[in-house]
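Last residue of the sequence shown: 1256 (the working numbering), numbering continuous.
We treat Cβ as the ideally placed atom computed from N, Cα and C, and that holds for glycine.
Note sheet for the following structure.
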Amino acid sequence: MPKRIIIVGAHAAGCDAAAAARLTDREAEIVMLTNERYAGYSRCGLPFVIGGHIKNFQDLIVFPPSYFKMNKIDLRLETNITNIDVKAKTVNVQYKDGHEESLQYDSLIIATGARPVIPPIKGRERQGVYVLRTIDDGERINQAIGEAKSAVVIGAGLIGLELGVAFVERGLKTTVVELLPQVLPAMLDKDMADLVQRSLESKGLKIVTCKSVNEILGGDKVTGVSVADEEIPADIVVVATGVRGNVELAEKAGIALGETRLIKVNMRMETNVKDVYACGDCTESIHLITKRPVICQLGTTAVRQARVAGINAAGGYATFPGVLGAAVTKLFDIEIGAVGLTEAFAQRTGIETASMTLSGKTRAAYYPGAMSIRVKLTVDRETERVIGAQIIGGEGVAQRINALSYAILKEMTVKELAKAETCYAPPVAETWDPITLTAQALLRKLR
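Dropping the structure here:
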């Protein structure tokens, strides 16, 4: 009898888990269930369709229906999973036409993702208030832009800023409102965040920090938001205040949650219940530096966890080491990236830090098109190991963040980083890479 693997969820985590399971076991019966109309698309691309960089939402589909057919994966869309019984090893499914079925499994992978959190703001039920998580959400926002002149985005995390930029690119007068004193609070320290904010404001995006939205104003339809004592007009309001893992199904089935209130797993992505695995935004990770549980809801984390879950669910063996939280984005014409701990977060976890920020150029200064780039390195003062990096620049940010991710993973010290050999040619790089220069400056500071 071939093994039956059921996967709940069909996006980054679900699809990569299915792909890995299929490579591990050619014979297994793989059933994928999702409550959405589309499977296997990139949520990360949604703001860039709205901004007009990507032609349409269908272009975001990474796993087309043909993929599932070719790999003999039984994909069932618009299904509602009502219950998981881990003793009987069954999943109860309710289909769109109303009929219900109980499916038996040998291995179960929970990849239920996350959903947007809408804080209890007065007026949040008005027409014209949106969240952005699915293609359907994206299409609704895209349609609303046609008749809109102004927008307010609540929350200045990655999605909030990417959307704010998209609205400005589409010609809307846009304001982003953030409760905390800076933009990108989870990703950057305040000194780097302030640079990003100034750059965005110079391109016409209005940003309000340290303030919360008191009320979303209007009749049936939104007309604006009230922030502190000010009323900001808006035809569109998007709430981008973060997501919460969909763990209710797992919790009801008796699957343990960790201290972050996401599903707790071991290194094989296995839950506390035998033959039940979890991966993606609904799952807790371990931070490689602090060795503590952490919420890391990135697409890269989802697919890496999913591959491990898929291999193990299909009878193979793989482990997931943990996360550093490497992230990058592009807002207007600047790239922003970070990996490891911010200085603020490191200090909160009791690590004494030292850091250095330095500006350099992405190519030889005399070469046309050379752009500025700013690097911030943070080390553990005691061991002098690199524990975090933040970079803002006109180009070449992602690959530098990747290089620093390798450095942190291999527990490099700032001294080793300062001695690293880098390449040079006027059209593509400076003689001394900005990372090397920053490391050298930090080393002098420590000495």
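| Item | Value |
| --- | --- |
| Neighbour-count burial assignment, Gln913, 16 or more Cβ in a 10 Å radius | exposed |
| Of the listed residues Thr1166, Leu970, Gly1178 and Ala1207, nearest to Thr1245 (C-alpha basis) | Thr1166 |
| Identified DSSP bridge partners for Gly1030 | Note that residue 1030 is Lys in the sequence shown, not Gly. Per DSSP, Gln936. |
| Per-residue DSSP class, three states only, for Gln1156 | helix |
| C-alpha distance - Ala848 paired with Val1048, whole-angstrom precision | 24 Å |
| Delimiting residues of the alpha helix (DSSP H) encompassing Tyr876 | Pro874 to Met879 |
| Complete beta strand (DSSP E) runs within the region 1112-1200 (minimum length 3 residues, chain order) | 1136-1140, 1143-1149, 1162-1170 and 1181-1189 |
| Segment limits, beta strand (DSSP E) that includes Leu912 | Glu909 to Gln913 |
| Gly1119 and Ala829 closer than 8 Å at C-beta | yes |
| Assigned secondary structure, Leu1255 (DSSP; H/G/I helix, E/B strand, else coil) | helix |
| Residue burial classification, Asp868 (beta-carbon count within 10 angstroms, cutoff 16) | exposed |
| Three-pair Cβ contact test at 8 Å for the region 953-969 versus the region 1110-1130 | no |
| Contact set for Tyr1126: own chain, Cβ-Cβ below 8 Å, skip 5 residues either direction | Arg1077 and Ile1120 |
| For Met1281, the three-state DSSP class (helix, strand or coil) | Examination of residue 1281 is not possible in this model, given that the chain is present from 810 through 1256 alone. |
| Sheet register partners of Leu1066 (DSSP bridge) | Ile1072 |
| Tyr1215, buried or exposed, once every other Cβ within 10 Å from all chains shown has been counted against 16 | exposed |
| Ile1209, buried or exposed, once every other Cβ within 10 Å from all chains shown has been counted against 16 | Reading the sequence as shown, one finds Arg at residue 1209 and not Ile. The residue is buried, with at least 16 neighbouring Cβ atoms inside 10 Å. |
| 8 Å Cβ cutoff met for Pro1236 and Ile1182 | no |
| First and last residue of the uninterrupted beta strand (DSSP E) at Gly1054 | Val1052 to Gly1054 |
| Identity of the residue in Leu1004, Leu981 and Thr983 nearest Val992 by Cα | Leu1004 |
| Sequence-distant residues of its chain with Cβ nearer than 8 Å to Lys1061 (five each side left out) | Asn892 and Ile893 |
| One or two residues paired with Ala923 in a DSSP bridge | Gly1054 |
| 8 Å Cβ cutoff met for Glu1193 and Lys1228 | no |
| Residues that Gln903 bridges to, as DSSP identifies them | Asn889 and Glu909 |
| 8 Å contact criterion, which Ile1217 and Ile1143 should meet: CB distance rounded | Not confirmed; about 23 Å, so no contact. |
| Beta-carbon proximity check, Ala957 vs Ile1045, cutoff 8 Å | yes |
| Chain C contact for Ala965 (CB, 8 Å cutoff) | You won't find chain C in this structure, because it holds only one protein chain. |
| Best match in Gly937, Arg1007 and Pro990 for proximity to Gly1028 [C-alpha to C-alpha] | Gly937 |
| Neighbourhood of Lys1012 by C-beta distance below 7 Å, restricted to the same chain and skipping five residues each side | Val977 and Phe1141 |
| Residues that Pro1102 bridges to, as DSSP identifies them | Ile1095 |
| Gly1149 vs Ile1104 beta-carbon contact at 8 Å | no |
| Nearest-angstrom Cα separation, counted from His908 out to Gly823 | 24 Å |
| Cβ-Cβ distance between Val1056 and Cys1091 below 8 Å | yes |
| Residues near Glu1191 by beta carbon distance below 7 Å, same chain, minus five either side | Glu1161 |
| Asp998 versus Gln1156, Lys1030, Lys982 and Asn889, residue with shortest Cα-Cα distance | Gln1156 |
| DSSP three-state assignment for Pro994, whether helix, strand or coil | coil |
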